[in-house]
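Below: one structure, written as structure tokens.
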Amino acid sequence: MSEPQPIYLSDYRPPAYRVTRTELTFDLDPAATRVKARLHVERHPEHEAGVPLELDGEQLNLKAIAIDGQALGEDEYAVGEAGMVVHRVPQAFLLDTEVEVAPDANTALSGLYRSSGMYCTQCEAEGFRRITFYPDRPDVMATFSTTVIGDAATLPVLLSNGNPVERGTLPGGRHFVTWEDPHPKPSYLFALVAGDLEKVEDRFTTMSGREVTLQIWVEEENLDKTDHAMASLQRAMAWDEQAYGREYDLDLFMIVAVNDFNMGAMENKGLNIFNSAAVLTHPHTATDAAFQRVEGIVAHEYFHNWSGNRVTCRDWFQLSLKEGFTVFRDQCFSADTNSAPVKRIEDVSFFRTAQFAEDAGPTAHPVRPDHYIEIGNFYTLTIYEKGAEIVRMLSNLVGEEAFRRGSDLYFSRFDGQAVTIEDFVDCMAEASGEDLGQFLRWYSQAGTPEIDAHGEYDYANAEYRLVLRQRTPATPGQAEKQALHIPVRLGLVGTKSGRDLPLTLDGEALGTDAVIHLREDEQEFLFTEVSEAPVPSLARGFSAPVKLNFPYGREDLAFLQAHDSDGFNRWDAGQRLALLALDDLIAAHRNGVEKVMDPRVVEAFRAVLAARIDDKAVLAQMLTLPSEAYIAEQQPLVDVDAIHAARTFVKQSLTMALRDDFLRLYEENRSEVPYAPEPEQIAARSLKNVALSYLMAIEDEAGLEFAQAQFAADHNMTDVRHALTLLVHGSRGDIADPALKAFGEKWAHDPLVMDQWFSLQVTRPQADVLDRVKFLMAHPAFSLKNPNRVRALIGAFANQNPVNFHRADGAGYRLLADTVIELNRLNPEIAARLITPLTRWARFDEARQELMKAELERIRAEELSPNVYEVVEKALA
Ligand code: TRP
Ligand code: ZN
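Under UniProt numbering, the letters of the sequence shown match residues 1 to 877, in that order.
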């Protein structure tokens, strides 16, 4: 086998032939589905006559091919591994092909496959080429007509994009439905679903009065789990009208829940296909976090109808054009619908833990990569989340109104086109008059910029001198970095008054909260008329995706935590303070020195509790310690055992000091009212459960009693799962084991609940957990072929159980590598994602480095899919 070769952005050429209309007929069969395609093709005027027609195609069994009704002779075309070439074609013509594909043999879940007996498709990014021969690239846009033929008894429901225009019965117990999608679209947005499904239906009236039918299609037993997704969809539709002026453009919008799915969901035109985990909710089966995730994903896929579908990407290098923008849109929607500060805290916590780690590792890449081997490997935190942070910076730079004018311009100018990231940024520049030239570097430069900040207060002159220095560390293939345009939102908090001081810069009054622009490697900002010594509050709201270092003392941080007017930075000051204390404890643990709790952290927590913060969700966040993964991200070298020990020690110390407060919080926030996934309830539950976590950190009688009672009360999954997790992660097997068993038996029929049952067991810190992982892999509810199961069991173990995954004997690494090797054959996309924790070997001690690299080498020795090949090569480069 020859090595897979990279594709370069600089090699982009417009397609020689375009397809203006695509007519498909599927005759469904598990082992041999027939796909007839009639393509209306024309040569692009810029290309000369005689260019051969190149079509993508993988794993297709060609049965017939004709041009303008004339069957082609064998010497008129050539079929290879990746597609076909037709040597000579007219300027405009009809191409008819017929191929056979095998849905049941498709374990990669890309193209046409079967899931729980139903047929479904996943075409992004390059799955359509597994369905028919086609120019499978996003800059080829056609209208589609799709006829689906299937067995009427077993496949009563036949769906595709657009509107149903014809249906009827056929001999042999078969029937058909024809769908017409009037909006030209690239092949990656094609979808087909066929199965024995039930629907929930509702309506939405758009701002111009168009009546839209909304349908959610599920297996019958899940009909009671669709309310929240439907309500979320309706809220998202209204929000996109109000916030962006975007209206839905078909008479029908469908969502289908599928059990086997590689990602969260897919925005196929008019027919969104969802991982069942991203759409189904019920108070007894889904946690608050799951309810919020469903709301966010439903909105995200809906928002793609404009940012992605109506205006799409010219090529896959532009992926963040649709994903970064759409993530930004769904984040704003969720912030408007729930607690905005908490949404930001959650997003940034996740970002700083996972995206920073990606940006610092061997798979680091720019938000617009300049080459890739397998595009499936680029659905990353960098493309999605860092892309969203860039759009957020743009919005803050140009201001909300200009941003809206810019997005209106973008949608109208490029409607129906496949465009680039420059096209988007140009609209923002045009609408605002801002020069965004330097800003564009955010898209091409990988790595997390670091800003070293220093400040000095000159009492005599009432001046505050702030010096900012930026640098971006080298990343693979990018040794030299250029200065970025970084918006730094800040305030100066007076140490006497505890208030934001008026900001005067270069004689200009900026108010008390302003954005300064760092463009050079180093820049000095001199604030005048500063009436008292301040503590600076920098990068408020995480105004740029950077690491900002300032030599804060612990008193400064306690002060900001109490006084910062920016809720995000107030929370962050507490995190920074806890991190300083954790640093000391990690060092103490490593040196075998007795651990001593920093009383300033205890006092800071006491102050937070006394401050009577009225947003309970914010309070819960302020009482939550940085995760082990985030602590690890801050360490020069990761010592998983020391981190775990230090964090556990802090938790226990806080509980000992503040036990009565946690008891009070727990009791005050208990509630018997029927479950609803609404912000106030969610906030109270999160606060109550944070309190319970502390009480369970020392496993005293009250904690154990509360946890047991909360589990037994069986009021909602948030509470049940939290209590069960605390029990299982604790030391009282006599209580935990029967609870775990009862839960497993009760929910054996519900795979999404069993996923939670798997996860909470394999994230247990106790040393016996690896045997548990192996044991559970043989459980009847587990299957390597199902991505949700793999993520819940193997993924949770490798990513959320640092002490056990990084066992000193390397057994955790071995288990992961064994799984990757098996999945490489079954599902390359999932296999490649699963390797991530092994790619981070450079962060650990030498012995672990060697063990991790040895497992990567063992994977490399296999015959690899391009997906796994690309990740492993980078990891070992
Ligand atoms: N476009 C989808 C989204 O972000 C992502 C997606 C769904 C996807 N399924 C996929 C990407 C399979 C690659 C492969 O909403
Ligand atoms: Zn998306």
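We put the CB at the ideal spot given by N, CA and C, even for glycine.
Original post:
If Leu834 sits next to Thr819, beta carbons under 8 Å apart, how far is it from one beta carbon to the other, in whole angstroms?
Top reply: Translated into the one-based positions of the sequence shown, residue 834 becomes position 834. Translated into the one-based positions of the sequence shown, residue 819 becomes position 819. Right, their Cβ atoms sit about 6 Å apart.
Original post:
Using a Cβ-Cβ cut-off of 6 Å (strictly less than) and excluding sequence neighbours within five positions of Thr178, which residues of its own chain qualify?
Top reply: Residue 178 sits at position 178 when you count from the first residue of the sequence shown. Excluding positions up to five away in sequence, the list reads Thr147, Val165, Glu166.
**OP:** Determine the burial state of Pro599: buried for a count of at least 16 other Cβ atoms within 10 Å of its Cβ, exposed for fewer.
**Re:** Position 599 of the sequence shown, counted from the start, is the residue given in the question as residue 599. Burial call: exposed.
Original post:
If you compare alpha carbons, which of Leu250, Ala153, Ile421 is closest to Pro184?
Top reply: Counted from its first residue, the sequence shown places residue 184 at position 184. Nearest option by C-alpha distance: Leu250.
Subject >> Nearest residue (CA-CA) to Asn788, options Ala831, Gly812, Ile821 >> reply: Locating residue 788 in the sequence shown gives position 788, where the first residue counts as 1. The option with the nearest alpha carbon to Asn788 is Ala831.
Original post:
For Asn222, is the beta carbon positioned less than 7 Å from some heavy atom of the ligand TRP?
Top reply: Here residue 222 refers to the residue found at position 222 of the sequence shown. Incorrect: Asn222 has no Cβ contact closer than 7 Å to the ligand TRP.
Subject >> By C-beta, the residues closer than 5 Å to any heavy atom of the ligand TRP, given in chain order >> reply: Glu124, Asn262, Met263, Met266, Tyr379
**OP:** Would you mind working out which of Val89, Glu46, Asp68, Asp27 sits nearest Leu55, comparing C-alpha positions?
**Re:** In the sequence shown, counting from the first residue as 1, residue 55 sits at position 55. Measuring from the Cα of Leu55, the nearest candidate turns out to be Val89.
**OP:** Quick one: grab the DSSP three-state call for Phe542.
**Re:** The sequence position of residue 542 within the sequence shown is 542, counting from 1. Looking at Phe542 - three-state DSSP - the assignment turns out to be coil, as it is neither helix nor strand.
Subject >> For Pro828, the nearest candidate out of Arg848, Asn377, Val467, Glu480 (CA to CA) >> reply: The count along the sequence shown starts at 1 and reaches residue 828 at position 828. Checked all of Arg848, Asn377, Val467, Glu480; the closest Cα to Pro828 is Asn377.
Subject >> Bridge-paired residues (DSSP) for Ser537 >> reply: For the purposes of this step, residue 537 is taken as residue 537 along the sequence shown, with counting starting at 1. According to DSSP, which records beta bridges pairwise, Ser537 is partnered with Gly491.
Original post:
What residues match up with Phe190 in a beta bridge as DSSP calls it?
Top reply: Along the sequence shown, read from residue 1 onward, the residue named residue 190 stands at position 190. Answer is none; Phe190 lacks a bridge partner.
**OP:** For Trp747, name the three-state secondary structure that DSSP assigns.
**Re:** Residue mapping note: residue 747 aligns to position 747 of the sequence shown, counting from 1. In this structure, Trp747 counts as coil in the three-state DSSP scheme.
**OP:** Quick one: using the 10 Å Cβ neighbour count with 16 as the cut-off for buried, is Thr281 buried or exposed?
**Re:** Residue 281 sits at position 281 when you count from the first residue of the sequence shown. Buried, since its Cβ has 16 or more Cβ neighbours within 10 Å.
Original post:
Beta-carbon separation of Leu109 and His40 under 8 Å?
Top reply: Here residue 109 refers to the residue found at position 109 of the sequence shown. Here residue 40 refers to the residue found at position 40 of the sequence shown. No, Cβ-Cβ distance for Leu109 and His40 is not below 8 Å.
**OP:** State whether the region 752-759 contacts the region 777-792, with contact taken as three or more CB pairs (one from each stretch) at a distance under 8 Å.
**Re:** yes
Original post:
If you measure from the CB of Glu829, is any heavy atom of the ligand ZN nearer than 7 Å?
Top reply: Position 829 of the sequence shown, counted from the start, is the residue given in the question as residue 829. Glu829: no, Cβ never under 7 Å from the ligand ZN.
Original post:
Within the present structure, is the beta-carbon of Ala725 separated from the nearest heavy atom of the ligand ZN by less than 7 Å?
Top reply: Within the sequence shown, the letter at position 725 stands for residue 725. Before going on, a small fix: residue 725 reads as Thr here, not Ala. No; taking the cut-off as 7 Å, the Cβ of Thr725 has no heavy atom of the ligand ZN nearer than that.
Original post:
Should Thr312 be counted as a contact of the ligand ZN given a C-beta to heavy atom distance under 7 Å?
Top reply: For the purposes of this step, residue 312 is taken as the residue at position 312 of the sequence shown. No, since every heavy atom of the ligand ZN falls outside the 7 Å radius drawn around the Cβ of Thr312.
**OP:** In the DSSP assignment, find the beta strand (DSSP E) that holds Phe204 and state where it starts and stops.
**Re:** In the sequence shown, counting from the first residue as 1, residue 204 sits at position 204. Its beta strand (DSSP E) spans residues 198-205.
Subject >> Enclosing beta strand (DSSP E) for Gly730 [first to last residue] >> reply: Numbered from 1 along the sequence shown, position 730 holds the residue referred to as residue 730. Careful: Gly730 lies outside any beta strand (DSSP E) and carries neither H nor E.
**OP:** Whole angstroms is fine: what's the gap from Thr97's alpha carbon to Ile65's?
**Re:** Mapped onto the sequence shown, residue 97 falls at position 97. Mapped onto the sequence shown, residue 65 falls at position 65. Cα-Cα distance, rounded: 4 Å.
**OP:** Within its chain, find whatever has a CB closer than 7 Å to the CB of Ser693; leave out the 5 residues flanking it on each side and keep chain order.
**Re:** Start at 1 with the first residue of the sequence shown, and residue 693 comes out as number 693. Excluding positions up to five away in sequence, the list reads Leu726.
Original post:
Is the region 650-657 in contact with the region 689-706, if contact means three or more CB pairs nearer than 8 Å?
Top reply: yes
Original post:
Does DSSP put Phe350 in a helix, a strand or coil?
Top reply: For the purposes of this step, residue 350 is taken as the residue at position 350 of the sequence shown. It is helical.
Subject >> Per-residue DSSP class, three states only, for Val593 >> reply: In the sequence shown, counting from the first residue as 1, residue 593 sits at position 593. If DSSP states are grouped into helix, strand and coil, Val593 belongs with coil.
Original post:
Residue range of the alpha helix (DSSP H) that Glu76 falls in?
Top reply: Position 76 of the sequence shown holds residue 76. Neither: Glu76 is in no alpha helix (DSSP H) and is coded neither H nor E.
Original post:
Closest to Glu219 by CA distance: which of Met254, Glu211, Ser276 is it?
Top reply: Residue 219 sits at position 219 when you count from the first residue of the sequence shown. Checking every option, the nearest Cα to that of Glu219 belongs to Ser276.
Original post:
DSSP puts Ala736 in a beta bridge; with which residues?
Top reply: Along the sequence shown, read from residue 1 onward, the residue named residue 736 stands at position 736. Answer is none; Ala736 lacks a bridge partner.
**OP:** Would you kindly report the start and end of the unbroken beta strand (DSSP E) that includes Thr648?
**Re:** On the sequence shown, residue 648 is found 648 positions in, with the first residue counted as 1. Not the beta strand (DSSP E): Thr648 falls in the alpha helix (DSSP H), residues 640-668.
**OP:** Give the DSSP bridge partners of Phe176, in chain order.
**Re:** Taking the first residue of the sequence shown as 1, we reach residue 176 at position 176. For Phe176, which the question treats as bridged, DSSP gives the partners Ile149, Gly168.
Subject >> Top-ranked residue by Cα proximity to Val596, from Ala607, Asp584, Ala604 >> reply: For the purposes of this step, residue 596 is taken as residue 596 along the sequence shown, with counting starting at 1. Of the listed residues, the one whose Cα sits closest to Val596 is Asp584.
Original post:
Relative to the alpha-carbon of Ser334, which residue among Ala364, Val294, Met84, Leu510 has its alpha-carbon at the smallest distance?
Top reply: Locating residue 334 in the sequence shown gives position 334, where the first residue counts as 1. If we check each option's Cα against that of Ser334, Val294 comes out closest.
Original post:
For Thr504, is the classification buried or exposed, using 16 other Cβ atoms within 10 angstroms of its Cβ as the cut-off for buried?
Top reply: Here residue 504 is taken as the residue at index 504 of the sequence shown, counted from 1. Classification of Thr504: buried, given that the 10 Å Cβ count is 16 or more.
**OP:** With a threshold of 16 other CB atoms inside 10 Å of the CB of Phe775, please say whether the residue is buried or exposed.
**Re:** Position 775 of the sequence shown, counting from 1, holds the residue named residue 775. Classification for Phe775: exposed.
Subject >> Closer than 7 Å: Thr326 CB and nearest the ligand ZN heavy atom >> reply: To locate residue 326, count along the sequence shown from 1; it is residue 326. Result yes, Cβ under 7 Å from the ligand ZN.
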